[in-house]
Amino acid sequence: MEDLHRLTNIYEKYREVAINYLQTNYGAVLIESENKVKYPASLLLKLQVQNLVVSLIINIPFNFPDVFPQVKLDKLSFEKVFPIPHLDIFKTLCLFDDVVASPNPRNPIGLLEITMEKSLEILSKGIAKQNGNEYIEEFNSYWLQESEVGLFLSLVEPSEEIKTIFLIPCDLKRPNRRGIFSDKASEAIKWIQNIGGRYDEEEITETLYVPIKKPMSFPFPKNNKEIYHLLKENELPNLNEYFNYLNKKNRPSKVLFSIEIDGINTWGIWEHTEPFKRSTLLYKGRKRTQRNLKGFRKKTRNGRLELIRDFPEQEINKYFVEDVRASRLKIRGGDGDLKNHERKVVVIGCGAVGSQLIQGLFDIGVQHMLLIDYDTLSFENINRHICGASDVGTKKTEAIKNKLRRHYPTSQIHVCNEDITTFLTLYPEGLNSYDLIISAISNAPIEQRMNELQLKGVITPPVLNIWVEPYLAAGHAIWIESTSEINISSLFDKGKFKYQVLKNGNQYTKYELGCSTSYVPYGALELKKFTTDTLLFICQQWEKDRKENIVFTWLGNLTKQRKNKRYLEPRWVGASDFSIRHNYLETFKESVENNDI
1 MEDLHRLTNI YEKYREVAIN YLQTNYGAVL IESENKVKYP ASLLLKLQVQ
51 NLVVSLIINI PFNFPDVFPQ VKLDKLSFEK VFPIPHLDIF KTLCLFDDVV
101 ASPNPRNPIG LLEITMEKSL EILSKGIAKQ NGNEYIEEFN SYWLQESEVG
151 LFLSLVEPSE EIKTIFLIPC DLKRPNRRGI FSDKASEAIK WIQNIGGRYD
201 EEEITETLYV PIKKPMSFPF PKNNKEIYHL LKENELPNLN EYFNYLNKKN
251 RPSKVLFSIE IDGINTWGIW EHTEPFKRST LLYKGRKRTQ RNLKGFRKKT
301 RNGRLELIRD FPEQEINKYF VEDVRASRLK IRGGDGDLKN HERKVVVIGC
351 GAVGSQLIQG LFDIGVQHML LIDYDTLSFE NINRHICGAS DVGTKKTEAI
401 KNKLRRHYPT SQIHVCNEDI TTFLTLYPEG LNSYDLIISA ISNAPIEQRM
451 NELQLKGVIT PPVLNIWVEP YLAAGHAIWI ESTSEINISS LFDKGKFKYQ
501 VLKNGNQYTK YELGCSTSYV PYGALELKKF TTDTLLFICQ QWEKDRKENI
551 VFTWLGNLTK QRKNKRYLEP RWVGASDFSI RHNYLETFKE SVENNDI
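Oh and the sequence shown: position 547 is 547 in UniProt numbering, straight run, nothing missing.
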């Protein structure tokens, strides 16, 4: 009975089903598999496609029907039909997008049928030249197949004209990354340093960027002449810049290009190689080697003559490019919303709450931040902090900066290892170039002092004061606009916050032996939920047309507080767990979510 439920036996059973189906319906015959571990069974069958007989190799995966079969062409059939869209140089048909299509393991016969139907469709359209436009959909795949070993990264912003850019060769932890292109060398250097890479400043070179405005047809250009025709077809307004570049640069000369399709840029590199041509003389059939332009001195460069007259058949090299611009990664790895990309934020206090907010701000697209904190990370901090044991002994600001710049290498993170009052004493208006100031120090006197500076017009950005109550029964954030006349001291009565949730909350503060060892107990999971909801609140504030002063109150697991006999203030006795309140300070009008009391 056990054998019937072993995964190996289950897969073997379905493999036999697949073999029998293909043999019965397509006359397939078993052949030796090229990879018996991944594809334990391979079958050869023949199909009539248009006017050709095509031999297909159907590879049944070891875990069929949880994944689709692989379909390849045999060597002779590949030579007959290549190139066609969705057929790579490894003779494999690209049938399904793994993100879009998912196999139904309960219908193994259906998987085989759809696999055969899709294979026939691709071959039929490709042989009949009915789907040439689909090359564009798989441009990166085809360009990669023709590329030299190693790839490059790019921070270059696409433009409408040819422009000079920089190439910085570098060594990165991930192998085969040969260098990074950038509009400014300093941007690429910072990116490399942020992720712990190495570069040699003497190897930095100027190179060229070319915007290709029309889709590049397949087969792709393979020599100088075809590159020249590609450039002419695109009617670039400053094409002379291209030839000036070739005139000045030694070979090999790399050119970065982009193609925009439906608002999305795809990238690649072609490289003009050292001129070299062998020709056979009519007289006695002697061989002659040409390395220079006819009628010019040795090593003279003339890009136009090189491409058109003397070395038109000179083959180019191709390289694959990864676009690592922050805006592109946000689109590819997020929701495509870039509205926070240009925002600048100050965070005062880089402890547990502050560090989680900082991480979240970068996650929602903020790229430019100033971190202010004088304290050093200790072992007592790391359970709720985004930094860990390896950072103990480092200033909190530096630890966060080092961690996040490796994650977000295009980020601009500045640090100040002083307390905020020292900073404001030295630079009273030093925060005014930022869009938001977040105070996560849970220090009422200092926050009230900052509020006074707001009222006097010394501090001009909005300020968000944020703190949590013991056991994260609640978290609070007060958003104050600089144009308002809100005095936050009016929200406190003898040190007690008007919207406090726990009655006598200070009694839950914990202590260890020693001086200044008190701490507020709360869990990391609740903290992450609180900071996530706070970030959503911040985004909502940024999206509003009118400026509002709001107290944001986040209620935690109140059921747990009641169970542990931690008493709530009367206004919160009937409130529900993990709910949110907004209190508008001008009117003190309270907004209550569904199920709240």
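No residue lacks a Cβ here, since even glycine has one placed at the ideal position from N, Cα and C.
Min CB distance residue i to chain D below 8 Å
i	result
T394	Absent from the structure: chain D. Only one protein chain is present.
Residue i: first and last residue of the uninterrupted alpha helix (DSSP H) it sits in
i	result
V17	7-26
A185	185-194
V392	No alpha helix (DSSP H) holds V392; DSSP gives it neither H nor E.
A41	Segment 41-49 is the beta strand (DSSP E) holding A41; no alpha helix (DSSP H) there.
G247	The question names Gly, but residue 247 is Asn in the sequence shown. From DSSP, the alpha helix (DSSP H) with N247 extends over 240-248.
V81	75-81
E233	224-233
D533	524-543
R449	444-455
Proximity below 8 Å, CB of residue i to CB of residue j
i	j	result
T553	Y499	yes
H54	S77	Correcting the residue type first, residue 54 is Val in the shown sequence and not His. In this structure, S77 lies closer than 8 Å to V54 by Cβ.
L208	T164	yes
P409	N194	yes
L43	L30	yes
K80	L95	no
A473	L491	no
Q367	S411	yes
P461	L431	yes
E315	N223	yes
L155	R332	no
I58	D74	no
L167	F181	yes
Start and end residues, beta strand (DSSP E) containing residue i
i	result
R571	Counting along the chain, R571 falls outside any beta strand (DSSP E), and DSSP gives it neither H nor E.
residue 606	The shown model of the chain, from 1 to 597, leaves out residue 606, and the question about it has no answer.
A101	No beta strand (DSSP E) holds A101; DSSP gives it neither H nor E.
G360	No beta strand (DSSP E) contains G360, which is instead part of the alpha helix (DSSP H) from 352-363.
H414	412-416
N583	580-584
L426	Taken as a continuous stretch (DSSP letters only), L426 belongs to no beta strand (DSSP E), being part of the alpha helix (DSSP H) at 420-426.
L464	463-468
Q130	Counting along the chain, Q130 falls outside any beta strand (DSSP E), and DSSP gives it neither H nor E.
A473	It is not in any beta strand (DSSP E) - A473 carries neither H nor E in the DSSP assignment.
Given residue i as reference, the closest of the options once Cα atoms are compared
i	options	result
A524	I580, E586, N381, Y434	N381
L464	I19, L93, A28, N451	N451
R286	L293, N292, R278	R278
T289	N432, L307, F311	F311
H272	K294, N240, Y319	Y319
K225	L52, E313, S217, D577	E313
H414	E235, K396, T422	K396
L329	L172, I348, K75, L153	L153
A477	R251, K496, F530	F530
G351	I372, I331, K190, L155	I372
N417	D375, E121, Y11	D375
E586	I488, K565, E569	I488
I466	Y39, S439, E160	S439
F90	S141, Q50, D98, P40	S141
Through-space distance from residue j to residue i, alpha-carbon basis
i	j	result
K232	P211	12 Å
E512	V520	Reliability of the predicted coordinates at E512 is poor, the pLDDT of 48 falling under 50, and the value obtained from them is presented with this limitation in mind. Approximately 12 Å, taken between the alpha carbons.
K401	E113	54 Å
G457	I364	29 Å
R338	W542	One detail in the question is off: residue 338 reads as Leu in this sequence, not Arg. Cα to Cα, the separation comes out at about 13 Å.
I60	M369	52 Å
F220	E274	20 Å
L7	S327	44 Å
I259	I136	10 Å
I19	Y26	10 Å
D262	F62	39 Å
D435	G196	30 Å
I204	N443	49 Å
Y584	I486	11 Å
M1	K563	Residue placement at M1 cannot be trusted, given a pLDDT of 42 that sits under 50; what the coordinates show is reported in the next sentence. Cα to Cα, M1 sits roughly 48 Å from K563.
A575	S484	30 Å
Y14	A101	20 Å
W572	Q507	18 Å
D66	L93	19 Å
residue 602	N104	The requested residue 602 is not part of the displayed model; the chain covers only 1 to 597.
D545	T534	19 Å
I580	I441	22 Å
- Quick check: the stretch 141-156 against the stretch 64-82, are there 3 or more CB pairs under 8 Å? Touching, no, given that fewer than three Cβ pairs across the two stretches are closer than 8 Å.
- Item | Cβ pair count under 8 Å reaching 3, the stretch 291-304 against the stretch 174-193 | no
- Cβ pair count under 8 Å reaching 3, the stretch 78-87 against the stretch 113-132: yes
- Evaluate the contact criterion for the stretch 353-360 versus the stretch 179-190: three or more CB pairs, one atom per stretch, below 8 Å. No: fewer than three Cβ pairs fall under 8 Å.
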